[in-house]
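Asks: What follows is a single structure, and I will ask about it in a moment.
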Amino acid sequence: QTWDKVVSNLTTHYQKSTPQRTKLLDAFMAFLVVVGVLQFVYCVLAGNYPFNAFLSGFSATVGQFVLTASLRIQTTEANKKDFPAVSPERAFADYVVCSLILHFFCVNFIN
Amino acid sequence: MSAETLEILADVGKGKSTRSVLRVIILALIAGASIASRLFSVIRFESIIHEFDPWFNFRATKYLVANGFYNFWDWFDDRTWHPLGRVTGGTLYPGLMVTSGAIWHALRAFTIPVDIRNVCVLLAPAFSGLTAIAAYLLTNEMTTYNSAGLLAALFMGIAPGYISRSVAGSYDNEAIAIFLLVFTFYLWIKALKQGSMLWGAFCALFYGYMVASWGGYAFITCLLPLHAFVLILMGRYSTRLYVSYTTWYALGTLASMQIPFVGFLPVKTSEHMPALGIFGFLQLLAFLDYVRSAIPSRQFQTFLWIFAGGIFVLSLAALVIATSAGIIAPWSGRFYSLWDTGYAKIHIPIIASVSEHQPTAWPAFFFDLNLLIFVFPVGVYLCFQELADEHVFIIVYAVFGSYFAGVMVRLMLTLTPVVCVAGAIAISTILNNYLVAKTPTEEDQQAAEAAEKKGSKSGLKSTNKPVVGIYGLWSKILMVGAMAIYLLIFVMHCTWVTSNAYSSPSVVLASRMPDGSQHIIDDYREAYQWLRQNTKEDAKIMSWWDYGYQIGGMADRPTLVDNNTWNNTHIATVGKAMSSREEVSYPIMRQHEVDYVLVVFGGLLGYSGDDINKFLWMVRIAEGIWPDEVSERAFFTPRGEYRVDGEATETMKNSLMYKMSYYNFNNLFPPGQAVDRMRQARLPEVGPSLSTLEEAFTSENWIIRIYKVKDLDNVGRDHISATAFEKGLKKKKATKKRGSRVLRVD
């Protein structure tokens, strides 16, 4: 009863108050979660023989997820007072740089 | 001489550009001082590598410079740990070698062709200058007082606790690691304060560099999550914490896994689990934080926090189960011995045998940090008063750093940065309060009292107290003068300690002649040079593991064991060969193709670090593997004394180490008066005799003795009867006797 209410509250709140761009980010994050879960399930089913390959693939999704989440946090209007030094453009540039570093490490680690 | 003249004097430094010029000059001078104070040993002796470990780093750097990076990365070293060899590329932290290799190449590109040895010798002083600047940056993040950063830079530059590991010639991992440690912490504070991904990424990159250079990176991986965890418990979770921590962890963990020696450890061992756990917990908190902002019900929020706490406890339990099930490796012995301080002595004698792994005595703290050890708690207390996110970091670091430094002498090194930062905060607070030329007037005081009455209801107790000035000029002068004197004494103490305690190369031993002139005892290099010039290129040298790196570096000969104690059994084999009778040792040496045996003997000179003094550790390590063949008890007299003179036990007298050390020692003295100066023991009339070894070289002061392992006897006798035959001991009558012989087996 209450759970339904909470969840429906949450979804309506989300639908109403989230800007389009943030929803796009959320879709990307959801996609990353799906990819990560798929990799993990495959790892559990088929064994982790090239462990570095699994790790780099999995940590690429995890890393990208948290970076996107950080971008989402920094670009959300409500958090503006937390980040006086970070404008949305700066946040995006940071995001690009961090993602490049992440992917460099992942490609290097996957061999 | 009044307050006004003082004010005019103070106004000189008020302009913004003057200040920045002054700051740059001061920082440059501090960097210069920290470099200069590390050069005692180079100026007094010569520009050589000290100690034991640096010799391997130096050798690896030479290999890197000579063969290029890719060959260095897959370097299989067949000249150590004979017959096993060492996969060097995968078992070292390459940061130090790559750094000095890069500096060497850069200098060559600028057409300054410097010998790689000089780059290696002077790397630590150069990086100590950078450490001072990093400490300046870190401290500036902590307070608004400008002077604190400069004071911290000064302290960091010349504090003996750090100099002890970074004098010129000490080419060890710590040389660059402390700079990276302080700089990583600075970047972390910066990232946390701004909540910026970019600073988090920089922090991760420098963390990766730190992982590449020193095994002490585990300190960072445990300290940052601990800081985050304390912040969460204090209810200071913020989106900035999420951004900075997750960026650091995601990138930093991947960066650390690029180092072959670290490999999969960040996901498999217990040392790295706090970081992973806090990473997961932060995801949950971020989600709950979002939900909380979306749903304004008060009751529900309490539920959410209980839920978060429950998940935390559950995942902790899961971690414990995974550790006990063996999915996650438990704490390694080296780390575990930091918690259970008696562990190493009982289970891993090789860890306990290193003198740096002993608990720290009180005087060592004063010796290494002088004045700072007194103002350190004051600085921590001041951090408690302000208590922003970054002050929590200093507090957490101070608590953990102090604990570790108390458990192990060596970890004084990781304590030093926080002591410098906290000490600088304390001293600059004092100076800032007493160095105000302006005297508060009556109105000021009344206004302050009014403010006190008004604002006494809200906030912490400490924030209520209004700041009033100090009135009397004399109290100001007295206090500032006292601080200045203390600081001067600090500088003098640091210089004295550096000059007298930490600037002696262990390769050459210096002593004073009666007339005050210096006498240098250079037996080590004499002996290593002999090995280098007078033995086959691939002659295997057996010695105790302490000298493995130096033999590899200076004598350039293959060794059996060295300072990288990765194979305990192999070390125990050498220990067994050293502590057994010749009949037992000889087959062991034959099996390992040993050509020469090297022992260090300080009996003639009174040199304390010789092999007889280390002998009991050899016995203990060997006993750990072969308890029924080597027994420590047998080396003690029935009264429990460890003696080398006439009353030594038979086992002691027959051990290979004893025989090698005291072989022919009698002949130096008039009959019956051979005295071991180190142990103040009168040796027995008849010295030991060796039958399977022959003396090949003994250095000038008898510090290093090298023996050649004899080949098998030509006619197939064992060596003892062959020696006996040569000495003519065989009596004629005995030939008539028929011994009880067994039948020949074909």
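If you're matching them up, the sequences are chains D and W in order. Residue numbers 1266 to 1376, in the numbering used here, belong to the letters of the first sequence in order. Residue numbers 2 to 747, in the numbering used here, belong to the letters of the second sequence in order. Just so you know, even glycine gets a beta-carbon here, dropped at the ideal spot from N, CA and C.
What residues of chain D sit near W/Gly482, judged by a beta carbon separation below 7 Å?
Replies: What W/Gly482 touches in chain D: nothing, since even the nearest Cβ is about 41 Å away.
Asks: Can you look up D/Ala1350 in the DSSP assignment and give me helix, strand or coil?
Replies: coil
Asks: Say whether the segment 690 to 701 of chain W touches the segment 564 to 576 of chain W, bearing in mind that this needs 3 or more beta-carbon pairs closer than 8 Å, one atom from each stretch.
Replies: no
Asks: In the DSSP assignment, what residue or residues form a beta bridge with W/His520?
Replies: W/Ser512
Asks: With distances taken Cα to Cα, identify the nearest neighbour of W/Pro95 among W/Asn174, W/Leu124, W/Phe280.
Replies: W/Asn174
Asks: Could you tell me the alpha carbon to alpha carbon distance between D/Val1244 and W/Gly209, rounded to whole angstroms?
Replies: The displayed coordinates of chain D run from 1266 to 1376. Any statement about residue 1244 of chain D would go beyond what the structure contains.
Asks: W/Ala1 bridges to which residues according to DSSP?
Replies: Because chain W is modelled from 2 through 747, residue 1 of chain W falls outside the range shown and cannot be assessed.
Asks: Report the three-state DSSP secondary structure of W/Met543 (helix, strand or coil).
Replies: strand
Asks: Around the C-beta of W/Leu657, are 16 or more other C-beta atoms found within 10 angstroms, so that it is buried, or is it exposed?
Replies: buried
Asks: Quick check on W/Val710: does DSSP put it in helix, strand or coil?
Replies: strand
Asks: Please name the residues in the segment 240 to 252 of chain W whose beta-carbon is closer than 7 Å to at least one beta-carbon of chain D, in chain order.
Replies: Residues Thr240, Arg241, Tyr243, Val244, Thr247, Thr248, Ala251, Leu252.
Asks: For a cutoff of 9 Å on Cβ pairs, would you count D/Ala1311 as touching chain W?
Replies: no
Asks: Does the beta carbon of D/Phe1293 sit closer than 9 Å to a beta carbon anywhere in chain W?
Replies: no
Asks: Give the secondary structure of W/Glu696 by DSSP, where H, G and I count as helix, E and B as strand, and everything else as coil.
Replies: If DSSP states are grouped into helix, strand and coil, W/Glu696 belongs with the strands.
Asks: Within 8 Å, do at least three Cβ pairs link the segment 220 to 239 of chain W to the segment 1300 to 1312 of chain D?
Replies: Contact fails: fewer than three Cβ-Cβ distances are below 8 Å.
Asks: Taking W/Ile395 and W/Cys384 to be in contact with their CB atoms under 8 Å, please state how far apart those CB atoms are, rounded to whole angstroms.
Replies: 5 Å
Asks: Could you work out which residues of chain W lie near D/Ser1324, taking near to mean beta carbons separated by less than 8 Å?
Replies: Ala251, Thr254, Leu255
Asks: Across which residues does DSSP place W/Tyr597 in a beta bridge pair?
Replies: W/Ile542, W/Lys709
Asks: Go ahead and pull the three-state DSSP assignment for W/Arg87.
Replies: Looking at W/Arg87 - three-state DSSP - the assignment turns out to be strand.
Asks: Does the count of Cβ pairs from the segment 552 to 562 of chain W and the segment 653 to 670 of chain W closer than 8 Å reach three?
Replies: no
Asks: Leaving out five residues before and five after W/Gly647 in sequence, what residues of the same chain have Cβ atoms less than 6 Å from its Cβ?
Replies: Pro685
Asks: Answer yes or no: does any C-beta atom of chain D fall closer than 9 Å to that of W/Ser197?
Replies: yes
Asks: Between the alpha carbons of W/Gln681 and W/Glu701, how many angstroms are there, rounded?
Replies: 21 Å
Asks: Compare the C-beta of W/Ser294 with all C-beta atoms of chain D and state if any pair is closer than 9 Å.
Replies: yes
Asks: Given that W/Phe301 touches chain D, what residues does it touch there, using C-beta distances under 9 Å?
Replies: Thr1267, Val1271
Asks: By the 10 Å Cβ neighbour count, where 16 or more other Cβ atoms means buried, how is W/Phe180 classified, buried or exposed?
Replies: buried
Asks: Any beta carbon of chain W sitting closer than 9 Å to that of D/Ala1358?
Replies: yes
Asks: I'd like to know whether the C-beta of W/Met258 is nearer than 9 Å to at least one C-beta of chain D.
Replies: yes
Asks: For the segment 258 to 267 of chain W against the segment 303 to 321 of chain W, are there 3 or more C-beta pairs whose distance is under 8 Å?
Replies: no
Asks: Who pairs with W/Asp78 in a beta bridge, going by DSSP?
Replies: W/Arg87
Asks: For W/Lys458, I'd like the list of residues in its chain whose CB is within less than 7 Å of its CB, leaving aside the five on either flank, ordered along the chain.
Replies: For W/Lys458, the pLDDT reaches just 49, beneath the cut-off of 50, and the residue's location in the model is therefore unreliable, leaving the point undetermined.
Asks: Mind checking the segment 1315 to 1347 of chain D against chain W and listing, in chain order, the residues whose C-beta falls within less than 8 Å of any C-beta there?
Replies: Phe1316, Asn1317, Leu1320, Ser1321, Ser1324, Val1327, Gly1328, Val1331, Leu1332, Ala1334, Ser1335, Leu1336, Ile1338, Gln1339, Ala1343, Asn1344, Asp1347
Asks: So the alpha helix (DSSP H) D/Gln1285 belongs to, where does it begin and stop?
Replies: 1285 to 1311
Asks: What residues from chain D crowd round W/Val1, counting only those whose CB sits closer than 8 Å?
Replies: Coverage of chain W is limited to positions 2 through 747, which leaves residue 1 of chain W absent and any answer about it impossible.
Asks: Use the C-beta contact count for W/Val376: other C-beta atoms within 10 angstroms, 16 or more gives buried, fewer gives exposed.
Replies: buried
Asks: Do W/Gly407 and W/Pro331 have their beta-carbon atoms positioned less than 9 Å apart in this structure?
Replies: Result no, Cβ atoms of W/Pro331 and W/Gly407 do not sit closer than 9 Å.
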